[in-house]
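In mature numbering (1 follows the signal peptide of the UniProt record, and there is no 0), the protein residues as written are -33 to -1, 1 to 295. The beta carbon of each residue, even a glycine, is placed where N, CA and C say it ideally should be. Structure first, then comments.
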Amino acid sequence: MQMENNAPPARLPPSLRSLLLLLLSLVALPAAATLLPPGSTSGQPNNHRADQFPSAADPSQQLADSNWPQLTRIILQGLDSITPEETHALYRRAIDLQHAQWWPEQQFFLRAVALLGILFTLTTLLANRRLQHRLATQTNTLNQQLSERNQLEHKLRQLNTTDILTGILNRHCTLEILRKELGRHHRYRSPLCVALFDIDHLNRVNGSFGHTAGDSVLKQLAGIFTRELRELDTFGQIGGEEFLAILPQTKIPQAERAAERIRRAVEQMQMRIDTGQRLRLTVSVGIASADPAIRQIEELLQQSALAMAAAKQRGRNQVAIFEPVLAN
């Protein structure tokens, strides 16, 4: 006599139990379809309990009907006895089956995405390279234009501030600097002197050797004046034969020594002209000193001009200092 085991079997989690029941319905139950009670496959709900199935004429069917509750209990006990490792294997098998179905499509999709990514990268690199080349070209063009503009501005400043022939400051720029220095003299009571140079008998050089020779002499004299003066000093041409040296922070004795140094340098130098001849020239120098009574640069220039005229009257090639008596 068969003993029935009424002890409840160990249960798995409800979610896993549902999954295994689903697998059972897909795999095991179709194979046992012949064991189902009559009418259970007709699509109609079966409201009978397992022990109340109607009997059939077939003995084997009657045997299955009588043993159906035990069969159901055995199946459920088998489901409950599945270990977690076996459960994981079932999950893995289901995933592998699904993977085998969609992997070719996914592989095609991944290849298409990779190809599009490569094309996008190459297109981006090419566009970036073209952009860099265009930017470099435009930058070089802009730098060249800026350089040309700076050179042009420099030339314009030179034309506005320097004499084209001698390369030293022109009259306008020289007088502007003198005006600023005179204002500084009044603000800080700092000493200020000017020295006016006139080339002796330059008109004879122009008459005897031409204006080209005279221009050459002026260039050489400008070089002497520039070398003999300090960086603090300003030197410019204010007339055809006249040059003005502005000597800030300088008193009369210092200005006289500077003018004498220049006079001797001119006297000792032989001026070479285009014909190959060498000429000797001299300069006459007039010095004037700023004082609080002088408010305009024209007054200071007038005093230096009177002193220079006195040097010429004394025989040229001399340095004369302005004295009030010269104004009478």
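Helix, strand or coil for I131, going by three-state DSSP, please let me know.
In the sequence shown, the residue the question calls residue 131 occupies position 164. Under the three-state reduction of DSSP output, I131 falls in the coil class, being neither helix nor strand.
Which residue spans inside the region 182 to 237 form an unbroken beta strand (DSSP E) run of at least 3?
201 to 204, 209 to 215
Give me the DSSP bridge partner(s) of G174.
Within the sequence shown, the letter at position 207 stands for residue 174. Paired residues: none, contrary to the question.
Does the Cβ of T133 have 16 or more other Cβ atoms within 10 Å, making it buried, or fewer, making it exposed?
Walking along the sequence shown from the start, residue 133 turns up at place 166. Counting the other CB atoms within 10 Å of its CB gives T133 a total of 16 or more, which places it among the buried residues.
Would you call P215 buried or exposed, if buried means 16 or more other Cβ atoms sit within 10 Å of its Cβ?
What you label residue 215 is simply residue 248 of the sequence shown in a count that begins at 1. Classification of P215: buried, given that the 10 Å Cβ count is 16 or more.
If you measure between the beta carbons of residue 354 and V292, is that distance less than 7 Å?
The shown model of the chain, from -33 to 295, leaves out residue 354, and the question about it has no answer.
Nearest to L188 by alpha carbon, out of Q244, I135, Q74?
Taking the first residue of the sequence shown as 1, we reach residue 188 at position 221. The option with the nearest alpha carbon to L188 is I135.
Can you tell me the Cβ-Cβ gap for H153 and P220, rounded? I've got them flagged as a contact below 8 Å.
The residue given as residue 153 occupies position 186 in the sequence shown. The residue given as residue 220 occupies position 253 in the sequence shown. Actually they are not in contact, since the Cβ atoms of H153 and P220 sit about 22 Å apart, beyond 8 Å.
Note down the Cα distance separating L82 from L109, rounded to an integer number of angstroms.
Along the sequence shown, one-based indexing puts residue 82 at 115. Along the sequence shown, one-based indexing puts residue 109 at 142. Straight-line Cα distance between these residues: approximately 40 Å.
Given that a residue counts as buried once 16 or more other Cβ atoms are within 10 Å of its Cβ, and exposed if not, what is G282?
For the purposes of this step, residue 282 is taken as the residue at position 315 of the sequence shown. So G282 ends up on the exposed side.
Residues in the same chain with beta-carbon distance under 7 Å from N137, minus the five sequence neighbours each way, listed in chain order, please.
In the sequence shown, counting from the first residue as 1, residue 137 sits at position 170. Same-chain partners within the cutoff: T128, T129, D130, G203, Q204.
Label T88 either buried or exposed according to how many other C-beta atoms from any shown protein chain fall within 10 Å of its C-beta, with 16 as the threshold for buried.
Working through the sequence shown from its first residue, we reach residue 88 at position 121. T88 is exposed by the Cβ-count criterion.
Does the beta-carbon of S157 have 16 or more other beta-carbons within 10 angstroms, so that it is buried, or is it exposed?
Along the sequence shown, one-based indexing puts residue 157 at 190. Its Cβ having fewer than 16 others within 10 Å, S157 is exposed.
What's the call for E148, buried or exposed, on a 16-neighbour Cβ count within 10 Å?
Counting from 1 along the sequence shown, the entry for residue 148 is found at position 181. E148 comes out buried.
Name, in chain order, the residues that DSSP records as bridge partners for L163.
Walking along the sequence shown from the start, residue 163 turns up at place 196. Partner(s): L211, G253.
Classify T217: buried if its beta carbon has 16 or more other beta carbons within 10 angstroms, exposed otherwise.
Numbered from 1 along the sequence shown, position 250 holds the residue referred to as residue 217. Buried, because 16 or more other Cβ atoms sit within 10 Å of the Cβ of T217.
According to DSSP, simplified to helix, strand and coil, what is L145?
Here the question's residue 145 lines up with position 178 in the sequence shown. Helix.
Quick one: grab the DSSP three-state call for R96.
Position 129 of the sequence shown, counted from the first residue, corresponds to residue 96. Note: R96 maps to helix in three-state DSSP.
Excluding the 5 residues flanking G10 on each side, which residues of the same chain have their C-beta closer than 7 Å to its C-beta?
The residue labelled residue 10 in the question sits at position 43 within the sequence shown. Caution applies to G10, whose pLDDT of 43 falls short of 50 and renders its modelled position unreliable; the value that the coordinates give is listed next. Within its own chain, no residue has a Cβ closer than 7 Å to the Cβ of G10 once the five positions on either side in sequence are excluded.
Helix, strand or coil: which one does DSSP assign to L248?
In the sequence shown, residue 248 corresponds to position 281, counting from 1. Annotated three-state conformation of L248 is coil, per DSSP.
Determine, using beta carbons only, whether A255 and S271 come nearer to each other than 7 Å.
If you number the sequence shown from 1, residue 255 lands on position 288. If you number the sequence shown from 1, residue 271 lands on position 304. Yes.
Around the Cβ of D200, are there at least 16 other Cβ atoms within 10 angstroms (buried) or fewer (exposed)?
For the purposes of this step, residue 200 is identified with residue 233 of the sequence shown, where counting begins at 1. Buried.
In terms of residues, what are the limits of the beta strand (DSSP E) holding A287?
Residue 287 sits at position 320 when you count from the first residue of the sequence shown. 286 to 288 is the extent of the beta strand (DSSP E) around A287.
In angstroms with no decimal places, state the Cα-to-Cα distance between R230 and L246.
One-based indexing of the sequence shown puts residue 230 at position 263. One-based indexing of the sequence shown puts residue 246 at position 279. Distance between the alpha carbons of R230 and L246: 15 Å.
Determine the burial state of S114: buried for a count of at least 16 other Cβ atoms within 10 Å of its Cβ, exposed for fewer.
Here residue 114 refers to the residue found at position 147 when the sequence shown is read from its first residue. Exposed is the call here.
Starting from L271 and walking both ways along the alpha helix (DSSP H), at which residues does that stretch end?
Residue numbering aside, residue 271 sits at position 304 when the sequence shown is read from its first letter. Leu is not the amino acid found at residue 271; the sequence shown has Ser there. It spans 264 to 280 - the alpha helix (DSSP H) in which S271 sits, taken as one unbroken run.
For R239, which beta-bridge partners are listed by DSSP?
Sequence index remark: in the sequence shown, residue 239 carries index 272 (1-based). DSSP output for R239 lists R245 as bridge partner(s).
Going by the beta-carbon positions, is the gap between E227 and T249 smaller than 7 Å?
Sequence index remark: in the sequence shown, residue 227 carries index 260 (1-based). Sequence index remark: in the sequence shown, residue 249 carries index 282 (1-based). No.
Starting from L102, follow its DSSP beta bridges and name the residues at the other end.
Indexing the sequence shown from 1 puts residue 102 at position 135. Looking at the DSSP assignment, L102 forms no beta bridge with any residue, so it has no partner.
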